[in-house]
Amino acid sequence: EAQVTQNPRYLITVTGKKLTVTCSQNMNHEYMSWYRQDPGLGLRQIYYSMNVEVTDKGDVPEGYKVSRKEKRNFPLILESPSPNQTSLYFCASSLTGGPDTQYFGPGTRLTVL
Amino acid sequence: GDSVTQMEGPVTLSEEAFLTINCTYTATGYPSLFWYVQYPGEGLQLLLKATKADDKGSNKGFEATYRKETTSFHLEKGSVQVSDSAVYFCALSDRGGSEKLVFGKGTKLTVNP
Numbered sequence: 002e003a004q005v006t007q008n009p010r011y012l013i014t015v016t017g018k019k020l021t022v023t024c025s026q027n028m029n030h031e032y033m034s035w036y037r038q039d040p041g042l043g044l045r046q047i048y049y050s051m052n053v054e055v056t057d058k059g060d061v062p063e064g065y066k067v068s069r070k071e072k073r074n075f076p077l078i079l080e081s082p083s084p085n086q087t088s089l090y091f092c093a094s095s096l097t098g099g100p101d102t103q104y105f106g107p108g109t110r111l112t113v114l
Numbered sequence: 355g356d357s358v359t360q361m362e363g364p365v366t367l368s369e370e371a372f373l374t375i376n377c378t379y380t381a382t383g384y385p386s387l388f389w390y391v392q393y394p395g396e397g398l399q400l401l402l403k404a405t406k407a408d409d410k411g412s413n414k415g416f417e418a419t420y421r422k423e424t425t426s427f428h429l430e431k432g433s434v435q436v437s438d439s440a441v442y443f444c445a446l447s448d449r450g451g452s453e454k455l456v457f458g459k460g461t462k463l464t465v466n467p
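If you're matching them up, the sequences are chains A and B in order.
At position 103 of the first sequence the residue is numbered 104 (this note's numbering), and the sequence of numbers has no breaks.
At position 54 of the second sequence the residue is numbered 408 (this note's numbering), and the sequence of numbers has no breaks.
Shown next, in the form of structure tokens:
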């Protein structure tokens, strides 16, 4: 089954404690992306990757890091989380981005205390 | 930059009512347009898309037509069901390098029996 998986689905942490949210896709997609969803703001792109070892900033990259060492995985790293990073995070993948359909993971709800 | 504006919610309808959710966009060039749906507790799913002017996307009884002259992509359904209750996002694909989706803020639809 074609899918995008994220782990964990829910996480409560404290300010400053490094964390990683994993994202994996089994569709051999080149393009992967991270979004955050906040009430009244819709979804905003954090980082994206056009292929292995190719990543770039989206609209709201501050406080986040990513890596793309393998095609299937695109982890999101918060080196020093802060309360304003409390949000719902979605990973997405598509064949090449752009007009190609993007497939979204189930989301990770992060709370930073 | 590119942007999407969709009607504010929430929208509450009775079963079998007609649904319209307005969406207009601002973009340089010719973006592809999408409607995504988010059911409670789930990630986003593509509902329909249109990649060029005058294209009509349709799925599950929903329709939207890409209107270049009015820069619009309104979502319609002739007879909604309780199971259509969800949040609907209009989006466009940014072909300016990041290939990201630019989302509207979302419209929450509740359908009562």
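The C-beta atom is built at its ideal place from N, Cα and C for all residues, glycine as well.
Fair warning: this is a prediction, and the values are worked out from it, not measured in the lab.
Check your understanding: Since A/L96 meets chain B, which of its residues come closer than 8 Å, beta carbon to beta carbon?
Key -> In the first sequence, residue 96 of chain A corresponds to position 95, counting from 1. Per Cβ cutoff of 8 Å: no residues; A/L96 is ~11 Å from chain B at best.
Exercise for review: Count the other C-beta atoms from every protein chain shown that fall within 10 angstroms of the C-beta of B/G383, then say buried if there are 16 or more, exposed otherwise.
Suggested key: Translated into positions along the second sequence, residue 383 of chain B becomes position 29. Exposed, by the Cβ-count rule.
Exercise for review: Using alpha carbons as the reference points, say which of B/K410, B/Q435, B/S437 and B/K422 lies closest to B/L429.
Suggested key: Along the second sequence, read from residue 1 onward, the residue named residue 429 of chain B stands at position 75. The residue with the shortest Cα to Cα distance from B/L429 is B/K410.
Review point. Using a Cβ-Cβ cut-off of 7 Å (strictly less than) and excluding sequence neighbours within five positions of B/V358, which residues of its own chain qualify?
Key: On the second sequence, position 4 is the one that residue 358 of chain B refers to. So the list reads C377, Y379, C444, A445, L446, V456, F457 and G458, once near-sequence residues are dropped.
Check your understanding: When the Cα atoms are used, what is the spatial distance from B/G395 to B/K462?
Key -> For the purposes of this step, residue 395 of chain B is taken as the residue at position 41 of the second sequence. For the purposes of this step, residue 462 of chain B is taken as the residue at position 108 of the second sequence. Roughly 13 Å separates the two Cα atoms.
Practice item. From the DSSP output, in three-state form, read off B/S439 for me. Key: Counting from one through the second sequence, the residue named residue 439 of chain B turns up at place 85. In this structure, B/S439 counts as coil in the three-state DSSP scheme.
Review point. For the beta strand (DSSP E) that B/E430 lies in, which residues bound it at each end?
Key: As a working note, residue 430 of chain B is residue 76 in the second sequence. Where B/E430 is concerned, the enclosing beta strand (DSSP E) stretches over L429 to K431.
Check your understanding: Is it right to say B/E369 is buried, meaning 16 or more other beta carbons lie within 10 angstroms of its own, or is it exposed?
Key -> Within the second sequence, numbered from 1, the residue matching residue 369 of chain B stands at position 15. Burial call: exposed.
Practice item. Return the chain-ordered list of same chain residues with a C-beta closer than 7 Å to the C-beta of A/R73, the five sequence neighbours on each side being excluded. Key: For the purposes of this step, residue 73 of chain A is taken as the residue at position 72 of the first sequence. Correct list, in chain order: S25, Q26 and N27.
Check your understanding: Listed from N- to C-terminal order along the chain, which residues in the region 31-45 of chain A have their beta-carbon within a distance smaller than 7 Å of any beta-carbon of chain B?
Key -> Y32, S34, G41, L42, G43 and L44
Check your understanding: Anyone know if the C-beta pair for A/A93 and A/V22 falls short of 8 Å?
Key -> As a first step, residue 93 of chain A is located in the first sequence; it is residue number 92 there, counting from the start. As a first step, residue 22 of chain A is located in the first sequence; it is residue number 21 there, counting from the start. No.
Check your understanding: Thinking just about the alpha-carbon of each residue, which of B/G415, B/G397, B/L402 and B/D448 is nearest to the one in B/D356?
Key -> Residue mapping note: residue 356 of chain B aligns to position 2 of the second sequence, counting from 1. The candidate whose alpha carbon is nearest that of B/D356 is B/D448.
Practice item. Could you have a look at A/N27 and say whether DSSP puts it in helix, strand or coil? Key: For the purposes of this step, residue 27 of chain A is identified with residue 26 of the first sequence, where counting begins at 1. Coil at A/N27, not helix or strand.
Practice item. Determine, using beta-carbon pairs with one atom in the region 9-21 of chain A and one in the region 35-47 of chain A, whether at least three such pairs fall under 8 Å. Key: no
Check your understanding: Can you list the beta strand (DSSP E) stretches of 3 or more residues lying completely in the region 19-82 of chain A, in chain order?
Key -> 20-26, 32-39, 43-52, 55-58 and 77-79
Review point. Are the region 60-79 of chain A and the region 26-40 of chain A touching by the rule of at least three beta carbon pairs closer than 8 Å?
Key: yes
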